[in-house]
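J.: First the structure, then my questions, so here it is.
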Amino acid sequence: MKTAVITGSSRGIGFATARLLADRGWNLVINGGHDQEALRQAAEELSQITRTDAFYGDVSLEEYACGIINRAIDTYGQIDLLINNAGISHIGLLSDMSTAQWRQVMQTNLDAVFFTCRAAIPHMVRRQKGRILNISSVWGEVGASCEAAYSASKGAVNSLTRALAKELGPSHISVNAISLGVIDTAMNQCFNEEERQALAEEIPFGRFASPGEAAAFCCQIAESPEYLTGQILRFDGGWI
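All residue numbers for the sequence shown refer to this note's numbering, where the first residue is 191 and numbers rise by one.
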């Protein structure tokens, strides 16, 4: 059986993706760092379908992130797929943003990707096999007013994805990113109903995507031929 490690998977897109992979017979290593009860419930549900290990903690911390990868290898003997989904946003003027807030966004959205990839790559190279999928955003491509730090972090993830794909291609390791538009998750609950409606009207499909739709796309990319690599694949309903 194949094994997937998914960060930020106690709810939303991460959990929906884990659920689809479970239904397809994958072993799972899931993680959450904000709601321990949500992670427990996610693990309980997934464990009824497939073998699942859950780790609560902050993947922006080097020792913790490396620990998850190492535990997955020790437990299952292999990592076939790493999905870097953990992320946070910050809305506000850059001039009003504190240094601590900037660093938190960068550490969670970018450093965590670096830590998990660096830990998983030697294992994948030895096997000459593996997939890495980074969950990014359209704001990493075009930028968003009042989301400068988030946009910068996702732009860096996109560049890291492209560079790493070139570095790991000779080892048959595919590296891609999904550039998401507006997904109906907890991260977007900051908008009131009027703002949500106005945002939905900007999207040609006239609505937000569901976590399940985003998860289905994640799984499609994760299980695609290995020759698909180095791509930033947009999933936004034609918005950008």
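Cβ atoms here follow ideal geometry from the backbone N, Cα and C, with glycine treated the same way.
Keep in mind it's a predicted model, so treat the numbers as computed, not measured.
Output yes or no for whether 8 Å exceeds the beta carbon distance between residue 370 and residue 404.
T.: The residue labelled residue 370 in the question sits at position 180 within the sequence shown. The residue labelled residue 404 in the question sits at position 214 within the sequence shown. In this structure, residue 404 lies closer than 8 Å to residue 370 by Cβ.
J.: Is the beta carbon of residue 322 closer than 8 Å to that of residue 363?
T.: As a first step, residue 363 must be located in the sequence shown, where it is residue number 173. As a first step, residue 322 must be located in the sequence shown, where it is residue number 132. Yes; because the gap between Cβ atoms is below 8 Å, this pair is in contact.
J.: Just list the residues that DSSP pairs residue 243 with in beta bridges.
T.: Position 53 of the sequence shown, counting from 1, holds the residue named residue 243. According to DSSP, residue 243 bridges with 219.
J.: Would you say residue 351 and residue 367 are within 8 Å of each other, going by their C-beta atoms?
T.: Sequence index remark: in the sequence shown, residue 351 carries index 161 (1-based). Sequence index remark: in the sequence shown, residue 367 carries index 177 (1-based). It is a contact, given that the beta carbons lie within the stated cut-off.
J.: Considering only the beta carbon of each residue, do residue 376 and residue 201 sit closer than 8 Å?
T.: For this step, residue 376 is matched to residue 186 along the sequence shown. For this step, residue 201 is matched to residue 11 along the sequence shown. Cβ distance < 8 Å, so residue 376 and residue 201 count as in contact.
J.: Excluding the five sequence neighbours on either side, which residues of its own chain have a C-beta within less than 8 Å of the C-beta of residue 401, listed in chain order?
T.: Translated into positions along the sequence shown, residue 401 becomes position 211. Within the same chain, residue 401 has close Cβ partners 202, 203, 205, 206, 373, 374, 375.
J.: To the nearest whole angstrom, what separates the beta carbons of residue 395 and residue 428, a pair I think is in contact under 8 Å?
T.: Here residue 395 corresponds to residue number 205 of the sequence shown, with the count starting at 1. Here residue 428 corresponds to residue number 238 of the sequence shown, with the count starting at 1. Yes, residue 395 and residue 428 are in contact; Cβ-Cβ is about 7 Å, under 8 Å.
J.: If you run the structure through DSSP and keep just helix, strand and coil, what is residue 195?
T.: To locate residue 195, count along the sequence shown from 1; it is residue 5. Three-state DSSP puts residue 195 in a strand.
J.: Classify residue 396 as helix, strand or coil using the three-state DSSP reduction.
T.: Taking the first residue of the sequence shown as position 1, residue 396 is located at position 206. Three-state result, residue 396: coil.
J.: Going along the chain, which residues of its own chain have a beta-carbon closer than 6 Å to the beta-carbon of residue 309, five neighbours each way excluded?
T.: Stepping through the sequence shown from its first residue, residue 309 is reached at position 119. Correct list, in chain order: 256, 259.
J.: For residue 304, list the residues DSSP reports as bridge partners.
T.: Residue mapping note: residue 304 aligns to position 114 of the sequence shown, counting from 1. None, per the DSSP bridge assignment.
J.: From this set, 209, 347, 199, 314, which residue's C-alpha is nearest residue 270's C-alpha?
T.: Reading the sequence shown from its first residue, position 80 is the one you call residue 270. Checked all of 209, 347, 199, 314; the closest Cα to residue 270 is 314.
J.: Can you check whether the CB of residue 280 is closer than 8 Å to the CB of residue 303?
T.: In the sequence shown, residue 303 corresponds to position 113, counting from 1. In the sequence shown, residue 280 corresponds to position 90, counting from 1. Contact: no.
J.: As an exercise, report each continuous beta strand (DSSP E) stretch of at least 3 residues that is fully enclosed by the region 325-380, in chain order.
T.: The qualifying runs are 363-370.
J.: To the nearest angstrom, how far is it from the Cα of residue 275 to the Cα of residue 388?
T.: Here residue 275 refers to the residue found at position 85 when the sequence shown is read from its first residue. Here residue 388 refers to the residue found at position 198 when the sequence shown is read from its first residue. Their backbone Cα atoms lie some 27 Å apart in a straight line.
J.: Starting from residue 424, trace the beta strand (DSSP E) both ways and give me its first and last residue.
T.: Against the sequence shown, residue 424 aligns to sequence position 234. That run of the beta strand (DSSP E) goes 422-425.
J.: Mark residue 212 as exposed unless 16 or more other C-beta atoms lie within 10 angstroms of its C-beta, in which case mark it buried.
T.: In the sequence shown, residue 212 corresponds to position 22, counting from 1. Residue 212 is buried by the Cβ-count criterion.
J.: In whole angstroms, what is the alpha-carbon distance linking residue 357 and residue 412?
T.: Taking the first residue of the sequence shown as 1, we reach residue 357 at position 167. Taking the first residue of the sequence shown as 1, we reach residue 412 at position 222. The straight-line gap from Cα to Cα measures roughly 19 Å.
J.: How many Å lie between residue 397 and residue 391 at the Cα?
T.: Start at 1 with the first residue of the sequence shown, and residue 397 comes out as number 207. Start at 1 with the first residue of the sequence shown, and residue 391 comes out as number 201. Roughly 7 Å between the two C-alpha positions.
J.: Please state whether the Cβ-Cβ distance between residue 209 and residue 229 is less than 8 Å.
T.: Here residue 209 refers to the residue found at position 19 when the sequence shown is read from its first residue. Here residue 229 refers to the residue found at position 39 when the sequence shown is read from its first residue. Taking 8 Å as the Cβ cut-off, residue 209 and residue 229 do not qualify as a contacting pair.
J.: Relative to the C-alpha of residue 238, which candidate in 217, 410, 285 has its C-alpha closest?
T.: Translated into the one-based positions of the sequence shown, residue 238 becomes position 48. Of the candidates 217, 410, 285, the one whose C-alpha sits nearest the C-alpha of residue 238 is 217.
J.: What does DSSP give as the partner residue(s) for residue 299 in the beta ladder?
T.: On the sequence shown, position 109 is the one that residue 299 refers to. Its beta-bridge partners do not exist; DSSP assigns none.
J.: Residues bridged to residue 320 by DSSP?
T.: The residue given as residue 320 occupies position 130 in the sequence shown. 363.
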